[in-house]
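What follows is one structure encoded as structure tokens, with my remarks underneath.
Number of protein chains: 4
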Amino acid sequence: MIVIMRIDCSQDEISRVANRIEDAGLKAYVPNGGGRIVVAVVGQSFPGLRDALESLPGVEQVILVSKPYKLASREFHPQDTIVDVDDVAVGGEGIVVIAGPCAVEGEEQLLATAQAVKAAGATVLRGGAYKPRTSPYEFRGLGEAGLRLLAQVGEETQMPVVTEVMAPEDVDLVAQYADMLQIGSRNMQNYVLLDEVGRTRKPVLLKRGMACNVQEWLLAAEYLLVQGNDRVILCERGIRTFENYARNTMDINAIPIVHRLSHLPIIADPSHATGKWYLVPPLALAAVAAGADGLLVEVHPDPDLALADGPQSLTFENFRLLMSQLRPLAEARNRKIAIPRARVKP
Amino acid sequence: MIVIMRIDCSQDEISRVANRIEDAGLKAYVPNGGGRIVVAVVGQSFPGLRDALESLPGVEQVILVSKPYKLASREFHPQDTIVDVDDVAVGGEGIVVIAGPCAVEGEEQLLATAQAVKAAGATVLRGGAYKPRTSPYEFRGLGEAGLRLLAQVGEETQMPVVTEVMAPEDVDLVAQYADMLQIGSRNMQNYVLLDEVGRTRKPVLLKRGMACNVQEWLLAAEYLLVQGNDRVILCERGIRTFENYARNTMDINAIPIVHRLSHLPIIADPSHATGKWYLVPPLALAAVAAGADGLLVEVHPDPDLALADGPQSLTFENFRLLMSQLRPLAEARNRKIAIPRARVKP
Amino acid sequence: MIVIMRIDCSQDEISRVANRIEDAGLKAYVPNGGGRIVVAVVGQSFPGLRDALESLPGVEQVILVSKPYKLASREFHPQDTIVDVDDVAVGGEGIVVIAGPCAVEGEEQLLATAQAVKAAGATVLRGGAYKPRTSPYEFRGLGEAGLRLLAQVGEETQMPVVTEVMAPEDVDLVAQYADMLQIGSRNMQNYVLLDEVGRTRKPVLLKRGMACNVQEWLLAAEYLLVQGNDRVILCERGIRTFENYARNTMDINAIPIVHRLSHLPIIADPSHATGKWYLVPPLALAAVAAGADGLLVEVHPDPDLALADGPQSLTFENFRLLMSQLRPLAEARNRKIAIPRARVKP
Amino acid sequence: MIVIMRIDCSQDEISRVANRIEDAGLKAYVPNGGGRIVVAVVGQSFPGLRDALESLPGVEQVILVSKPYKLASREFHPQDTIVDVDDVAVGGEGIVVIAGPCAVEGEEQLLATAQAVKAAGATVLRGGAYKPRTSPYEFRGLGEAGLRLLAQVGEETQMPVVTEVMAPEDVDLVAQYADMLQIGSRNMQNYVLLDEVGRTRKPVLLKRGMACNVQEWLLAAEYLLVQGNDRVILCERGIRTFENYARNTMDINAIPIVHRLSHLPIIADPSHATGKWYLVPPLALAAVAAGADGLLVEVHPDPDLALADGPQSLTFENFRLLMSQLRPLAEARNRKIAIPRARVKP
């Protein structure tokens with residue numbers, strides 16, 4: 002931690018800062034000589050000290066040198082983490098494609114979609130049973146009936162399934178049916194939910210909050226890791242900016258940044274990041290080119306009739322087309338599309 | 002709803018759009034004559050139709066004419082809503098000042114603060130028992146013990162109390178102790194929590210999500226109103242922008258915008274909107290000048306030692322100073338500081 | 002300057018950083034002992050060294066301790082600067098109201114507006130002769146004819162006039178007619194223009210770039226100051242954020258921040274910051290409550306027929322109403338509306 | 002244009018809107034029947050009418066149906082435009098790589114870089130002679146001496162050269178030396194400069210303003226096209242968002258959006274979009290995967306010693322590595338790296 006004093010600070014103010022640091026059991030250091038006075042603190046800081054120092058008189062700014070997350074950092078864990086979602090490895094050589102409808106609407110829709118995306122090369126099935134909706138008047142998902150359908154269709158097509166959990170009290174129920182729990186963008190900083198999901202041992206797909214920076218995202222992952230759940234996959238899904246032609250701005254920068262700062266795998270969701278189906282393929286390809294370990298793509302048999310997020314869903318045909326473009330691109334990056342293996346559950 | 006077709010759309014595509022609208026039981030209208038073809042839909046739209054139309058071929062854009070919220074809108078409810086928090090009226094002539102520490106740390110701290118802010122003119126006491134913290138390593142509040150202290154000190158100083166509730170399963174517990182429930186910025190779109198709080202009949206302080214626009218905020222209020230809880234107070238607390246000298250950018254524009262679009266009262270939280278104590282007074286005054294119905298201000302006996310958000314807390318002395326500046330300013334706007342009345346509980 | 006090394010940096014990398022600093026004639030300091038290695042540089046850094054250090058191997062981050070602007074900083078010049086615009090003092094006790102039409106359209110429009118705003122209490126007349134327009138198909142101003150009209154009406158009504166200059170080659174011409182030169186938001190980082198305006202000795206109204214932070218704004222002011230023109234008035238006019246109900250988000254935070262960091266006066270332009278006439282009065286009041294030294298307000302005899310920015314212009318009646326609200330508010334802040342004095346030109 | 006009236010508007014207000022439209026020589030249309038009253042205007046609108054209508058009483062919102070740009074739109078010009086920069090075609094099958102130092106520092110630096118980037122596969126040489134710098138104390142380029150060096154080295158290595166022009170009065174001079182004129186991000190809305198560059202017949206590289214949306218960018222291109230210069234190449238270089246780990250956020254969404262809305266070619270500048278050399282290769286690859294027609298990459302013999310933007314420059318070795326990754330990726334997208342041809346000047 003570095004404390005930068007105001008140019009006009011007094012000797013007393015410097016001493017007070019140094020004392021406050023030593024009261025906390027740390028070592029304060031005040032360099033002699035000209036220029037701006039800087040107090041460097043050697044040692045591990047604890048929560049709140051930064052704030053305390055920043056409000057002392059004469060202090061201009063306090064800078065944290067250490068990253069505030071530990072378990073999520075690459076410094077702590079230099080090797081890439083690979084998360085197994087059932088028999089699919091995320092974070093290794095293979096690009097994992099997770100596909101399916103935004104919301105589970107019924108058996109026919111889900112089964113047809115699952116078969117189509119599997120045939121085209123997807124490895125994991127997605128589908129929402131609990132949907133966060135900006136308006137209380139919109140379709141909010143089938144709930145447990147949706148979970149049951151999802152598990153059944155996953156079994157039938159031999160694909161692991163991922164679905165969103167929105168409330169702490171639903172975690173056990175959703176975990177019964179799903180192979181991976183999704184924490185949605187709006188809940189990335191729902192710490193009670195993070196704690197609860199962290200207590201399971203299920204893989205977690207942690208979407209980035211639409212106004213959260215990478216550090217806050219990794220801190221949300223830290224909540225899961227601290228609870229003992231180290232099977233965390235990050236998912237970039239677009240951030241909120243002034244540009245509003247598309248629904249969000251896909252932050253492709255975040256992909257190599259996450260790989261540099263953290264060992265956790267990261268995938269990309271071009272469907273939510275753009276909100277328009279015709280932007281999904283170019284952004285999907287871009288994400289993989291930048292190093293994403295996988296994709297989360299919305300597919301619907303008839304997007305015109307979808308109960309949620311129709312305009313961003315690919316038709317079966319467009320999804321096949323995307324997969325045919327993705328294959329050579331992955332190879333150009335020395336990767337390949339992850340291959341679906343026979344599903345062997347205990 | 003207005004559907005704008007692409008310039009090169011075919012007659013068939015127009016017919017398909019019109020048919021889709023009439024299948025939904027609404028009336029489609031296709032004006033004759035040159036220019037861009039526009040299909041105006043007369044009647045009440047239903048969830049999902051917009052999305053369905055937007056994904057039809059030949060469609061460029063679908064524009065909603067009606068606002069997506071109803072109960073929160075001024076069109077639905079032209080008069081200002083006044084919310085009674087115990088015996089304090091929010092949304093009327095009086096400017097309500099809610100003050101107290103960020104987190105409840107102990108009895109002494111809380112009681113001293115409550116007495117100081119009451120003496121200076123505050124009417125409602127705030128204090129966090131459950132704290133959302135970006136990092137899992139920071140102080141997360143005293144929990145129920147904090148609630149108890151808050152209720153006790155509120156009773157002792159005859160001030161109604163407000164505190165944050167973070168999890169749906171805590172709503173009943175928090176409602177036992179608090180006179181008003183606060184939904185924090187990070188939970189503004191936690192719809193399960195909104196549903197649950199909407200089912201109580203307690204006043205709710207709904208903070209704006211830091212990346213949510215006014216429409217999304219009013220839709221979050223709509224979640225509460227739809228459940229039958231119409232005692233909603235909005236709280237502007239700064240939005241996230243590229244400017245990072247202060248923690249957030251206080252969106253003062255939002256105050257008159259909310260007054261225009263909605264009948265709900267709106268207050269401002271300059272402490273979180275700035276993150277720096279020396280910016281709190283000017284922003285507090287600005288918010289009231291722009292029409293805010295009240296303020297939420299953090300005050301701490303010794304901000305240097307605060308366990309949370311020290312640098313943004315006012316000392317007792319600075320709070321008194323702010324109140325002395327606020328009084329003439331409120332009068333200049335033909336308002337006054339709400340006067341604390343003797344608290345009469347049944 | 003502080004150089005933060007990566008946790009896994011080598012001793013060689015540290016030495017290379019230290020050598021690079023000493024090559025530049027500065028003093029490097031490497032604290033002994035545990036924790037993150039930090040090299041503090043004592044002395045005045047020079048342009049480019051930061052970038053050079055940041056690209057060395059083993060370096061994680063370079064932090065500048067000193068502010069990059071000097072002449073604009075309060076540390077360099079602790080007293081508030083007062084800028085005289087003809088006989089009107091900006092930055093002192095008086096709140097200076099600058100008002101007039103967005104664009105000069107003709108003599109009748111301008112004279113009527115000037116008389117109306119003067120009668121209501123404005124002290125300086127504004128009007129655009131050169132208009133930056135997002136589209137090449139919009140009205141771009143009357144050019145020199147507009148300048149002539151402005152000067153003539155300013156003379157007639159005894160008000161100093163301010164108008165925008167957009168091109169370096171127009172500076173001399175505009176300076177012949179105007180009492181103050183305005184640099185618009187889109188040109189805040191047009192450094193050739195800044196240099197040229199800095200060479201005049203005219204007061205300058207420097208609007209904030211809509212995506213520029215306070216530091217970049219003060220650096221733009223520094224361009225003017227370095228050329229010897231110290232008559233700089235800053236003008237907050239809204240920044241670009243994700244919220245798009247209003248045209249921009251007025252950054253009221255910036256007002257006290259500028260007062261803290263700089264000695265230059267700052268005024269606010271609620272017309273461009275909101276783009277909607279009905280938001281102008283509350284934001285104008287908020288800006289003054291937060292400490293603004295003045296206002297820039299668009300007024301038009303018939304906003305429905307205005308050639309530019311009609312929806313944000315106040316009618317004469319609404320301007321009078323605003324002034325009647327501003328007066329008591331200024332007094333509540335121990336200020337007053339600057340009083341127009343008889344104009345005495347040499 | 003569509004005028005949406007307030008729900009409580011009067012019949013008189015509707016008539017006034019309709020009359021105002023017909024006064025302008027257009028046709029107003031008021032649908033009968035329930036719901037929100039909508040006035041659709043058939044015909045070509047003219048500048049300012051929208052604003053005029055929006056300020057009429059009873060009007061809630063005015064929506065433009067037609068895009069405000071014409072010459073830049075794909076509707077106007079359905080085929081892709083290919084811009085020849087000397088003998089290099091931008092916008093066709095080939096991915097054009099423009100590379101070189103941020104600033105021209107001297108002959109040795111420039112020649113070495115030109116030879117290295119050409120050997121690795123770049124086709125166009127970049128180098129700044131006039132540098133826009135946020136601070137007046139930083140290196141601002143060699144000026145005409147830099148232009149001369151650039152032209153000389155371009156001739157020697159047989160590469161066309163591109164360089165930034167910052168001031169209208171420099172356009173002729175820069176055009177004498179350069180094969181393509183660059184308009185920088187900070188000058189995207191410097192309309193005087195756009196006019197002047199539009200009057201030349203040189204290819205123009207128009208960088209996106211860091212807070213400008215795609216529509217404003219295409220309107221800036223329209224300024225050039227309206228002047229008769231149709232040789233415009235757009236360049237995405239990152240936008241300003243709340244995320245500040247990297248210098249900007251590369252808006253990859255913008256690439257397919259521009260291809261949909263416009264016929265102009267678009268390239269990407271990952272160096273400025275990230276500000277960190279290690280993020281340049283993944284973002285370069287992502288941009289091409291998303292459909293970019295080329296890249297603008299900063300390369301420096303010794304980034305540690307660069308006078309400007311060192312941390313974002315690639316070394317020769319890293320540039321070669323990028324090119325070796327780019328080749329297979331371009332092929333996977335059915336494109337190839339544009340091949341340098343012998344330069345044949347008339």
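Chains as they are written, first to last, in our numbering: chain A, 2 to 347; chain B, 2 to 347; chain C, 2 to 347; chain D, 2 to 347.
Heads up, the beta-carbon is just placed ideally off N, CA and C, and yes, glycines get one too.
Model, not experiment: these values are computed from the prediction.
Opposing strand residues paired with residue i [DSSP bridges]
i	result
A:G295	A:V97
C:G129	C:A104
A:E237	A:A269
B:M181	B:V163
Residue j beta carbon less than 7 Å from that of residue i
i	j	result
A:G95	A:V84	no
D:G185	D:E165	yes
B:I338	B:G295	no
C:A255	D:M211	no
A:P102	A:R187	no
D:T250	D:I234	no
A:Q183	A:V163	yes
Alpha-carbon spacing of residue i relative to residue j, whole angstroms
i	j	result
D:H260	D:A293	9 Å
A:N106	B:P266	Residue identity differs from the one stated: residue 106 of chain A is Glu in this sequence, not Asn. Distance between the alpha carbons of A:E106 and B:P266 is about 39 Å.
C:H301	C:A307	7 Å
D:V172	D:P161	17 Å
C:A146	C:A90	28 Å
A:E332	A:I340	14 Å
A:G199	A:G128	21 Å
D:S16	D:D52	17 Å
B:A117	D:Y131	60 Å
D:N319	B:P304	50 Å
C:L150	A:A287	55 Å
D:K277	D:A247	7 Å
D:I64	C:N335	44 Å
C:V284	B:S263	The question names Val, yet the displayed sequence has Leu at residue 284 of chain C. So the alpha carbons of these two residues sit roughly 18 Å apart.
Cross-chain neighbours of residue i in chain G, by beta carbon under 7 Å
i	result
B:E157	Among the chains of the structure shown, chain G does not appear; the protein chains present are A, B, C and D.
Can we say the segment 269-277 of chain A touches the segment 308-321 of chain A, given the rule of at least three CB pairs closer than 8 Å? yes
Between the segment 65-76 of chain A and chain C, which residues of the former have a C-beta closer than 8 Å to a C-beta of the latter? V66, S67 and E76
Could you name the residues of the segment 227-251 of chain B whose beta carbon sits closer than 7 Å to any beta carbon of chain D, in the order they occur along the chain? R241, T242, F243 and N245
Counting Cβ pairs, one atom from each stretch, are 3 or more of them under 8 Å apart for the segment 59-73 of chain D and the segment 215-222 of chain D? They touch, by the three-pair rule.
For the segment 162-173 of chain A, enumerate the residues whose C-beta is nearer than 9 Å to any C-beta of chain B, in chain order. M167, A168, P169, E170 and D171
Taking 8 Å as the cut-off, does the segment 196-207 of chain D touch the segment 52-64 of chain D (at least 3 CB pairs, one atom from each stretch)? no
Can at least three beta-carbon pairs, one atom from the segment 19-27 of chain D and one from the segment 7-21 of chain C, be found at a separation below 8 Å? no
The segment 223-242 of chain A contacting the segment 186-202 of chain A, beta-carbon criterion three pairs below 8 Å: yes
Could you run through the segment 210-221 of chain C and flag, in chain order, every residue whose CB is less than 7 Å away from some CB of chain D? M211, A212, E217 and L220
Segment contact flag, the segment 106-124 of chain B with the segment 154-164 of chain B, C-beta cutoff 8 Å, min 3 pairs: yes
Pairing CB atoms from the segment 316-326 of chain A with CB atoms from the segment 319-338 of chain C, are three or more of them under 8 Å? These segments do not touch.
Between the segment 183-197 of chain C and chain D, which residues of the former have a C-beta closer than 7 Å to a C-beta of the latter? Within the segment 183-197 of chain C, the qualifying residues are R187, N188, Q190, N191, Y192 and V193.
When Cβ atoms are compared, which residues of the segment 280-294 of chain C fall closer than 8 Å to chain B? L280, P283, L284, L286, A287, A288, V289, A290, A291 and G292
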